[in-house]
Amino acid sequence: MPAVQRLIMPPPAGTAKNWAAYRSRFVEPVRIRAGLAFWQEHERWLQRAEERFGVPAAIVVGIIGVETIYGRHTGNFRVLDALATLSFDFPTGRRDRTPFFRSELEAFLQYCQREGLDPTEPLGSYAGAMGLPQFMPSSILRYGIDFDEDGHVDLHRNPADVIGSVASYLAQFGWERGRPTHFGVAAPVEVRDRAHLLVPDIVPSFTAAEFAERGAVLDEPGRGWDGKLALIELANGEAAPTYFAGTGNFYAITRYNWSSYYAMAVIELGEAIRRQRR
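Residue numbering for the sequence shown follows the working numbering, starting at 30 and increasing by one per position.
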């Protein structure tokens, strides 16, 4: 499928990242209204997921909202076609990921066999991600759960399974119950100190004391944090970057999508929806 080959290519070189623009795509009225309705309709399952896995409802709702606007945009490509294209006709011009997509094609066929699905029917993204949470087939096999115990893992039509699977995924990637995702911070003024803290990227690697030694000024809750932190930098085009200190829970969200911009959009969308529930 030429469209799949085209869409899998990276953005043009030199495309500047802009957190303010990225945020505006996801923390916006349509998603907030849809998220509020989703939360109200499925509050029972969100509460059960939080009790079982420790992942707050706002985080689960934020992920589903960023991924598909609660099922409005789950993809129109036949998953079989997309994965077959990327398994056997991966485009040149970027790092070859043929082995990854061949393993996903195998996982997709295993999933269809397990659930009794016709492999030509499921639709998804150009990369083969499926359902409200946009799980890749291997993630469905590994992390998808039958949360309402009806005998099937259905991430297309069963919100209970969607909610339980998202919460289960984050828990298995290290989400810590009752812990925050990030703290406010003023980045070090000295370029060398700032660069030192940015080396590990999104991996929490420094204590609050080590932040202070390098000139990073944490907010009051952050100064009392007993775990490791990462200095997260979000570019704003030509404007000054946005900084914050990410915890292990922030890092857990990035295991869903390896992007600090994505993780912060999830957090802020979920929080915006939570505020509307008051």
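The beta-carbon is built from N, C-alpha and C at its ideal position, and this holds for glycine as well.
If only uninterrupted alpha helix (DSSP H) runs of at least 4 residues are considered, those enclosed by the segment 70-137 are 72-82, 86-97, 108-117. As computed with DSSP, alanine 259 is found in a beta bridge with Gly275. A check of alpha carbon separations from proline 250 across Gln34, Leu258, Ala66 identifies Leu258 as the nearest. A Cβ-Cβ contact shorter than 7 Å links leucine 260 with leucine 227. Remark: C-beta atoms of glycine 64 and glycine 94 approach each other more closely than 7 Å. If you draw a straight line from the Cα of glycine 157 to the Cα of phenylalanine 279, it is about 25 Å long. Counted as a single uninterrupted DSSP element, the alpha helix (DSSP H) harbouring alanine 50 occupies residues 48-55.
Rounded to whole angstroms, the separation of the alpha carbons of isoleucine 282 and valine 220 is 28 Å.
Counting along the chain, histidine 211 sits inside the beta strand (DSSP E) bounded by residues 211-215. Residue state for proline 270 is assigned as strand, using DSSP reduced to three classes. Here the C-alpha atom of glutamine 139 lies approximately 22 Å from the C-alpha atom of glutamine 201. Taking a C-beta distance under 7 Å as the contact criterion, isoleucine 174 and glycine 203 do not qualify as a contact pair. Apart from the 5 residues on each side of it in sequence, glutamate 242 has no Cβ closer than 6 Å to any other Cβ in its chain. Bridge pairing for glycine 193: absent [DSSP]. Beta-bridge partners of valine 246 (DSSP): Ala215. Counted as a single uninterrupted DSSP element, the alpha helix (DSSP H) harbouring methionine 293 occupies residues 289-305.
As computed with DSSP, methionine 159 is found in a beta bridge with Gly153, Phe164.
Under a 10 Å Cβ-count criterion, threonine 127 is classified as exposed, with fewer than 16 other Cβ atoms of the shown protein chains found around its own Cβ.
For alanine 45, the secondary structure class from DSSP, reduced to helix, strand or coil, is coil. Leaving aside the five residues that flank alanine 189 on each side, the residues in its chain whose CB is nearer than 7 Å to its CB run, in chain order, Trp74, Phe176, Asp177. For proline 148, there is no enclosing alpha helix (DSSP H), as DSSP marks it with neither H nor E. Collapsing the DSSP output to three states places phenylalanine 67 in a helix. Contact check between the segment 52-59 and the segment 290-300: three or more CB pairs, one atom from each, fall below 8 Å, which counts as touching. For phenylalanine 240, the three-state secondary structure derived from DSSP is helix. When the alpha-carbon of tryptophan 48 is set against those of Leu115, Ser288, Pro39, Ser167, the nearest one is in Ser288.
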